[in-house]
Structures are given as structure tokens and as C-alpha cells.
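Enquirer:
Residue numbers (our numbering): 812 to 1035.
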């Protein structure tokens, strides 16, 4: 949307935060029903992500569009590289927990990294799961489905803070975006609910990982 519309990057990011919030709610419901929530991480990661959300809003207001585009592309390339390596190596069963990694020290590090997750979310308008999911998987050893479900819950709790911060800072909501939100919300809700329900039932976790990787490749190419 940044390259296809005349709107400011702040307005685009605010819309993206809202659409991301709408998207994760039905998926969150399905993951909760399936038991894919890591309850021991919710409070600490939510608090630190909120801190990052607020910081990211102020940073976005201050930086130029060029800096925004370059830094966003670098972030996408970093995450994409990590996922590609994980798919190619295939050394660990991503459907199982690695209890050895779930230590107080690692949880403290994860809390610190989740601040960066919040910053990336409100700065770029992307899902905080792009960082939170890898952190929970590779640093804390949680199974991939639980990482995704927990990330959905954190997004549902923190994205409203980012949206409210942009509103507080006076970022305008163009009428064209309001129309887009009204038209897109029902489609997004239905697609997210039935898509996540079908995916949880029929798709292998490794397949979900590959699909996410392809999505990142597409986003990175558009930014270059």
C-alpha cells in the first residue's frame, strides 16, 4: 500500500495495524480451541511488546520514507534468511517443545527482544509475530503451533495500543482508507477464521512455515 497509494506512511501503518488485529482475532479463537497458547509467556511478552509499540510509533513519525523502506527491507531479509535455513536444515521437530531451552535466563532475553517486536509492529505495520514466533521457537524451544497461537494473542492485546498512539499523535485517517477498512473487514474475518481452521486441521506445520516464507519473499521483492 505504501507504493500504490498517496497516503502517508504513518496512515498506512495505522491501517495495517488495524487489519492485522482484525485478521488475528478469528485465528486466535481457533488456536485457543486447539490449545495452542503458551500461557506462561503471555504477560511478560505482552508488557514488553506494548513498550515497543509506543516507541515504534514515535520513531515512525521522526524518520523519512526512504529510511523506513530500507530498514523494513533489511528486516524482511533477515527473517526470511532464518526461515530458509530452518527449512533446509530440518534438524528439529518443530511440532514438539524443547524443555531444555525454556529457562528463566532465556525468558528474560525473549522479553527484551519482544520490545524490538513491538517496535517493528508499530513502525512497519507488520505482525509482531515475525519476531515473536522465531524467538519463542528458537530461543525458548516452544512448538511452532503454540508460538503462532501465542503470537496471535499478543497481537490482539498490543496492536490497539499502537493504533491509539498514532491517533494521539494526530495521524490522520484518510476517507479512502475508512472505505477500505469497511469493505475489507468482513472478508478478512471470514477468510482468517476458515483459513486458520482448515490449516490447523489439514496442513503440516512445515507447510505453514514454507507458505510464510513465500509470503516474506513476495513482500521483500515488492520493497526492493
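A virtual CB, placed ideally from N, CA and C, is assigned to each residue, including glycine.
Where residue 889 and residue 1025 are concerned, what is the direct C-alpha to C-alpha distance, given to the nearest angstrom?
Expert: Distance between the alpha carbons of residue 889 and residue 1025 is about 14 Å.
Enquirer: DSSP state of residue 849, grouped into three classes?
Expert: coil
Enquirer: At which residues does the alpha helix (DSSP H) containing residue 826 begin and terminate?
Expert: 820 to 844 is the extent of the alpha helix (DSSP H) around residue 826.
Enquirer: Just to confirm my understanding: we take residue 859, look at its own chain, exclude 5 residues before and 5 after, and list those with CB closer than 6 Å. What are they?
Expert: Excluding positions up to five away in sequence, the list reads 922, 925, 926.
Enquirer: Mapping DSSP to helix, strand and coil, what is residue 954?
Expert: Secondary structure of residue 954 (DSSP, three-state): coil.
Enquirer: Quick one: Cα of residue 960 to Cα of residue 1001, how far?
Expert: 18 Å
Enquirer: Could you pull out every residue in the same chain whose Cβ sits closer than 7 Å to the Cβ of residue 821, ignoring the five residues on either side in sequence?
Expert: Hits under 7 Å: 871, 872, 977, 982.
Enquirer: How is residue 959 classed by DSSP in three states: helix, strand or coil?
Expert: Helix.
Enquirer: Does the distance from the CB of residue 954 to the CB of residue 908 come in under 7 Å?
Expert: Result yes, Cβ atoms of residue 954 and residue 908 sit closer than 7 Å.
Enquirer: Report yes if the C-beta distance between residue 939 and residue 928 is below 7 Å; otherwise report no.
Expert: yes
Enquirer: Quick check on DSSP: helix, strand or coil for residue 889?
Expert: Three-state result, residue 889: helix.
Enquirer: Let me make sure I understand the geometry here. Which of 944, 833, 984, 874 has the alpha-carbon closest to that of residue 848?
Expert: 944
Enquirer: What does a CB cutoff of less than 6 Å around residue 830 pick up in its chain, not counting 5 residues either side in sequence?
Expert: none
Enquirer: Looking only at C-alpha atoms, which of 1021, 912, 823 sits nearest to residue 868?
Expert: Checking every option, the nearest Cα to that of residue 868 belongs to 823.
Enquirer: With a threshold of 8 Å on Cβ separation, who are the neighbours of residue 916 within its own chain once the five nearest residues in sequence on each side are excluded?
Expert: none
Enquirer: Apply the 10 Å Cβ neighbour rule to residue 998 and answer buried if 16 or more other Cβ atoms are within range, or exposed otherwise.
Expert: exposed
Enquirer: In the structure shown, what three-state DSSP assignment does residue 910 receive?
Expert: helix
Enquirer: Do the segment 957 to 973 and the segment 830 to 846 meet, that is, are 3 or more Cβ pairs less than 8 Å apart?
Expert: yes
Enquirer: Closer than 8 Å by C-beta to residue 912: which residues in its own chain qualify, once you throw out the five before and the five after it? Chain order, please.
Expert: 950, 951, 952
Enquirer: Just to confirm the assignment, what range does the alpha helix (DSSP H) spanning residue 917 have?
Expert: 915 to 935
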